[in-house]
Every structure is written in C-alpha cells, then in structure tokens.
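**Q** Dropping a structure here in structure tokens format, bear with me for questions.
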Amino acid sequence: SAQPEVHEFQAETRQLLDLMVHSIYSNKDSFLRELISNASDALDKLRLESLLDKDLDVDTSDLHITLDPDPEARTLVVADNGIGMTRDEVVGLIGTLARSGTAELRRSLAEARANGVSDAAAEELIGQFGIGFYSTFMVAEKVTLVTRKAGESTGTRWESTGDGTYTIDDVPDAPQGTSVTLALKPVDTEDHLYDYSDQTKLRQLVKRYSDFIAWPIRMNVEKTVPVETPDAPDAPDADDSGETKAPETKTVVEAETINSMKALWAKSRSEVTDEEYQEFYRHVSHAWDAPLETITLQAEGTFEYQALLFIPTQPPFDLFMRDSKVGIHLYVKRVFIMDDCAELMPEYLRFVKGVVDAADLSLNVSREILQQDRQIRAIRRRLTKKVISTVTEMRAGRPDDYRTFWDAFGRVFKEGLVNDPDNRDALLKASSFATTHSEDELTTLADYIGRMKSGQDTIYYMTGESRQQIVNSPHMEAFRAKGIEVLVLSDPVDEMWVSAGAEFDGKTFQSIAKGAVDLEGDDEDAADSAKEEQNKTYADLLGWLTSTLSDDVSETRLSSRLTESPACLVGDTFSMSPQLEKLYRASGQ
Ligand code: ADP
Ligand code: MG
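2 is the number of the first residue of the sequence shown in full-length UniProt numbering; add one for each residue after it.
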C-alpha cells in the first residue's frame, strides 16, 4: 500500500511536545489518567450516538477499556471500543493543538522559552494547561494511535516520536474504537519514570486516578484456578472421608475489571475521600489543578437528582474567550447525556465544573427540550443559589481560599450582578471590592456600610482602568480630605453592574465622578448661601469658560470636590462613564 504521509506539527504544538519529551514534570503517572479519560469520553459518546442514531450499526453491548502491558516488549496499550475518530479528526484533534486557549499557551511558552524554561515554569505550564493526549510523550519514546470511527469501514494510524513530525496512514482492518500503543521510555525512578508495563503499578494507578470511571477498565491477569474435573465426587462426600487431597490447579489468563466504577455523585460525602473527588474533578474538567471547593447536592421528591460540583483553584485559559463553555455534564440515571450543559448553570458561573444526574429525564433528551424543561430550570435555580451561598460561606470560614477564588473568578462572578437580577442581592453579599480603606485588603459591602460616616446614605465608588488611575484621580481629593471611603472598581464589568441600578441594604451606589456630589453634610444652609455667593462672584468666568469650551463640555461649575487640583471633568448624573463608552464602542454598539 501507499507510504504513510508525513505531517509537521504546528509550531506551538512542537514547542509543547518538546516540553513533554524533556519533561521534568514530577507527576508523569498522569498520562494514564489522560488516556483513560479520553477512552471513557469516547465510550460515552458512542453510547449516546447509538441512542440517537438507530441506524448506526455498532455493537454497544460490551463497551469497555483495556490495558494491555507487555514487560518484554516494554509497551503499554490503552484501548477502547468507543466512538473512534475519522482520519480528518485524527489530524484535527491529535495532530494539532485544537483546544481553546492555544493562543494563551503559545504566549506562555514563548515567555517561558525567553526565560530559558525553568523547571518550575515548565511544571506550572503543564499543570495549568492540562496537557491531555500529549502527556503520553512524558513516558513514551513513540506513540501509535490506531482508530476507526463507529460506522466507517477504514481506520487510521497516527504515529509520532514527538520530534516535530507525525505520520498518518490508512488501516483497512482496524477494530472499531481507538487503541494507543506506547513504546515506553526506560524506567528511571529518579526522573519519576516508573515501570508502566507492570501490572501492579497499573492497578495502583487505576485505583488512584480512575477508579470512578463508569466503564470497566480491564486487564488480562494470570490466575491460578482449580482444574475442573467433571466426574469428581461432590464436596460433602470428600469432607466425610476426612481426606485432604491437594486440588489440581492450572494457570489461566483472565480479563479482570480493575476499577470499581462507582458513581461518586451517588455516594454520600463521608464515603468519598478528597483524593477521589480530586481525580474525578480532573476527569470532568480536563484540568490538572485541584478543586478549591467540592459541592454535593442530593435532591429527593418530585424531581430527583444528584449533583457533584467543583470550583477550580486556577482559572482556565479560555475563561474570557467567546467559546468558553459551561462545565456541567448531564447524566440520566448514570448514563452520560451531554457535556457543557448550558441549561444547568448560568454563564457567569461557567467556571464551575461537575455533573448533574437527573432521574426523570428521557435518555434522548435534546438541547431544545432541555431549554423548555421545568425540571432543568428548577435544578439550575437550585444549583445557582447553592454555588453563591457556598462562596459566601467560604469567605466567612476560609478567607485565604476565598481570596484565591476571588482573584481567579471574581470578574466572572460579577457578570451575574448584571445578568441575574434575581440573585443580585446574594451575589453582592458574596462579592468583595477594592476600597480606599485599605491598599490590598478587599471589603464586603456590609463592612463598608459599617464604616460609613454619619449622614452618609450612599455607597461611593469610582470606576477606572486601574487602582492607580482611580486613587490618583482629582475626583478623589475631597473624599480623601474628608476621610470618606470610596470603592475602587477597576474591572470592566464593574461599570455594567453599577449602572444597572444595583442597591445594597437600601443604599444606592453613587459615582464620585458623576453629577454633583454633596459632601457638605450638617452645615447645609450656610454652605448653600456661601456657594450662591461664590457662584455670583465667578459667574462671568464660568460663563466664559462654558462658551469657550463648548465643543468639549456642556457646563462649567464651581466644585467643592477638589482640594489640590484646579479643575476636573465630571459626567452628567445619567451619562455614560468613559469606561462604559469604551466598552460599548469595543462591542460595536
Ligand atoms: P481533551 O480530552 O481535553 O479534549 P486530549 O488532548 O486529551 O484533550 O484529546 C484531544 C481530542 O482527541 C479529544 O477531545 C477527542 O476528541 C480526541 N480523542 C482523544 N482520545 C480519543 C479516543 N480514545 N477516542 C476518540 N477520540 C479521542
Ligand atoms: Mg483528554
């Protein structure tokens, strides 16, 4: 037949592979979890496809994953009889780095290389990006993938040593599904390379990383079994005779399922260890960090469902990208239905990962049906409230973890202040804000209100591009002089929610850069007449300034907000702030 085609990896993929091949990443064991995770996904997809497409001619009666180690040949094969891939898919999915966040990774890689890729930097990159299939190159000199897509007749072989090229080839007689053969690197425990052709090691790794996988993971093991002798006397007779005859045995090779396949979400919290939750989190999220928070929920009654949710520690690279997805997988009675189920979680909680298993949905439920489904809407409401209250509790009980959460996801979380008015109060309670009260500590709104001056009835804030820019603004001068606290809002989303009419504890939010701010307090009458006096004195000057600057400003007035600067620009009470203007312009409105 024809020669295999040689393809070059994209530049960034090559850099990544290079990182893998020479990896000092200490957790090289992770490659097995990644392969099993992919196999499990492929089985889920085939199961679902066969439900949706009655004409699909595949046998789904024994879906499973096989581990086949060969200590002599120093190879390990991880195989599944799942959905498989077409040739184009192999090139697109395996041959390129098709995952979102590639641009980010490329940037980080370039940066790391410029700095001579320190061990720590490489380790962090690998861990952050969650290198899936390519993690095999940490342990293998050569990786061969053979796959045939369900319903197609010809298979594909992909092979690479991770050196910049891969070959691709047709395979006429490939079994349906995917097998990945690793030609293992020599064992080098100092370099964290263990013997991945050893059954005991593999058993350990499966137990540790993949025990919960819902499909059987099988391995052929040698077993000593008694030889069956059909005409032997019955056991009770042997007992009666009092003789102990050594049973005849033989060695057979038998497929054994080495994972327990227990659905973690169906178990109570006390039955599951943190490590088990962590590995499950890594499987559903395709991430390599640890969950910051694990949330379990079991609902009984009319709508029966179970949920197991995680808040990650690190933000994924694609958190702010257009195609960033909601991370909840939907199951019906343990059967995988779909991933990234947008109907189960609002977009502003898209960083939450996990599964929902609903008891009363049809197995071939479609996205269209989901959108209308009352049960799904009820679950979404409940999960949303649960996540918000978990965040609030985290702040009270584990302030350091909360700070990690807020730094990673606060900007996304605050999108809810705009998009989810029903939960705005709870969201405001769970949120934190930078403030002039402290350089680096964040404040809650309740604490801000606790520090308000007597007579102050609004929450003052200023938006801008950075803390620096905001605190140095002339608008700040009078507030600083009078010791009045101002919230420092520098995230783009802040502008959106403050102008969406948010209120907290009966207090409105007031921008110190808009309209007239009354800072006089008690002595109002005296202040008013003094102001009138001054206005008269400067009427000519103000009139002249207004007409001279008429192209740029609509009015010039005396201000009590400045103590050092001679003048500042303010917006009308109801006008857009410069930040909002910029935001609208950027989005083409
Ligand atoms: P991820 O699993 O996070 O998408 P991977 O690098 O692990 O990233 O895999 C890339 C893609 O290759 C998968 O999304 C999947 O489409 C495809 N793939 C990998 N392994 C298999 C497999 N065993 N069967 C079918 N498709 C697979
Ligand atoms: Mg994967």
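We treat Cβ as the ideally placed atom computed from N, Cα and C, and that holds for glycine. Model, not experiment: these values are computed from the prediction.
Among the candidates V147, D192, Q177 and V419, whose CA atom is the shortest distance from the CA of D170?
**A** Among V147, D192, Q177 and V419, the Cα nearest to that of D170 is on V147.
**Q** Is any heavy atom of the ligand MG found at a distance shorter than 7 Å from the C-beta of residue 616?
**A** Nothing can be reported for residue 616, as the shown portion of the chain is limited to 2 through 590.
**Q** Taking 7 Å as the limit, name every residue whose beta carbon sits nearer than that to some heavy atom of the ligand MG, in sequence order.
**A** Chain-ordered list of matching residues: E35, S38, N39, D42, G133, F134 and H287.
**Q** Under the criterion of a Cβ to heavy atom distance below 7 Å, does D81 qualify as lining the ligand ADP?
**A** For the ligand ADP, at least one heavy atom lies less than 7 Å from the Cβ of D81.
**Q** So, do the region 15 to 29 and the region 170 to 179 have three or more beta carbon pairs nearer to each other than 8 Å?
**A** No: the two stretches stay apart, fewer than three of their Cβ pairs being nearer than 8 Å.
**Q** Indicate, with yes or no, if the ligand ADP has a heavy atom lying under 7 Å from the CB of M346.
**A** No, the beta carbon of M346 sits no closer than 7 Å to any heavy atom of the ligand ADP.
**Q** Classify F321: buried if its beta carbon has 16 or more other beta carbons within 10 angstroms, exposed otherwise.
**A** The residue is exposed, with fewer than 16 neighbouring Cβ atoms inside 10 Å.
**Q** Assuming E496 and E416 are in contact, meaning their beta carbons sit under 8 Å apart, how far apart are those beta carbons, in whole angstroms?
**A** With a Cβ gap of about 12 Å, E496 and E416 do not count as contacting.
**Q** Taking 6 Å as the limit between beta carbons, can you name the residues of its chain near L47, skipping five residues before and five after?
**A** Contacts found: G83, I84 and A151.
**Q** Quick one: what's got a C-beta closer than 6 Å to A501's C-beta in the same chain, skipping five residues either side?
**A** Contacts found: V419.
**Q** G398: beta carbon under 7 Å from a heavy atom of the ligand ADP?
**A** Not so, every heavy atom of the ligand ADP lies at least 7 Å from the Cβ.
**Q** Provide the residue(s) that pair with T557 in DSSP beta bridges, ordered along the chain.
**A** DSSP, once it has assigned bridges, lists no residue as partnering T557.
**Q** Give me, in chain order, the residues of the same chain whose beta-carbon lies closer than 7 Å to that of Y306; leave out the 5 immediate sequence neighbours on both sides.
**A** Here the set comprises A300, V357, D358, A359, A360 and I380.
**Q** Out of L49, V79, Q535 and A12, which one is the CA nearest neighbour of L33?
**A** It is V79.
**Q** Provide the residue span of the alpha helix (DSSP H) that contains N420, from first to last.
**A** From DSSP, the alpha helix (DSSP H) with N420 extends over E416 to N420.
**Q** Mapping the DSSP letters down to three states, classify G156 as helix, strand or coil.
**A** If DSSP states are grouped into helix, strand and coil, G156 belongs with the strands.
**Q** If contact is defined by three or more beta carbon pairs under 8 Å, each pair taking one atom from either stretch, is the region 203 to 223 in contact with the region 257 to 265?
**A** Touching, yes, given that three or more Cβ pairs across the two stretches are closer than 8 Å.
**Q** Name the DSSP bridge partner or partners of R149?
**A** According to DSSP, which records beta bridges pairwise, R149 is partnered with G178.
**Q** Quick check on W498: buried or exposed, where buried means 16 or more other Cβ atoms within 10 Å of its Cβ?
**A** By the 10 Å Cβ count, W498 comes out buried.
**Q** Starting from I450, trace the alpha helix (DSSP H) in both directions and tell me its first and last residue.
**A** Note, I450: alpha helix (DSSP H), L446 to G451.
**Q** By how many angstroms is the C-alpha of E50 removed from the C-alpha of E35?
**A** For E35 and E50, the distance between alpha carbons rounds to 22 Å.
**Q** Report all residues from its chain with a CB closer than 6 Å to the CB of residue 1; omit the five preceding and five following residues, and keep chain order.
**A** Any question about residue 1 goes unanswered here, given that the chain covers just 2 to 590.
**Q** Alpha carbon to alpha carbon, how far is T157 from A3? Give it in angstroms, no decimals.
**A** The straight-line gap from Cα to Cα measures roughly 13 Å.
**Q** Could you tell me if the beta carbon of G85 falls within a distance shorter than 7 Å of some heavy atom in the ligand ADP?
**A** Yes, the beta carbon of G85 sits closer than 7 Å to at least one heavy atom of the ligand ADP.
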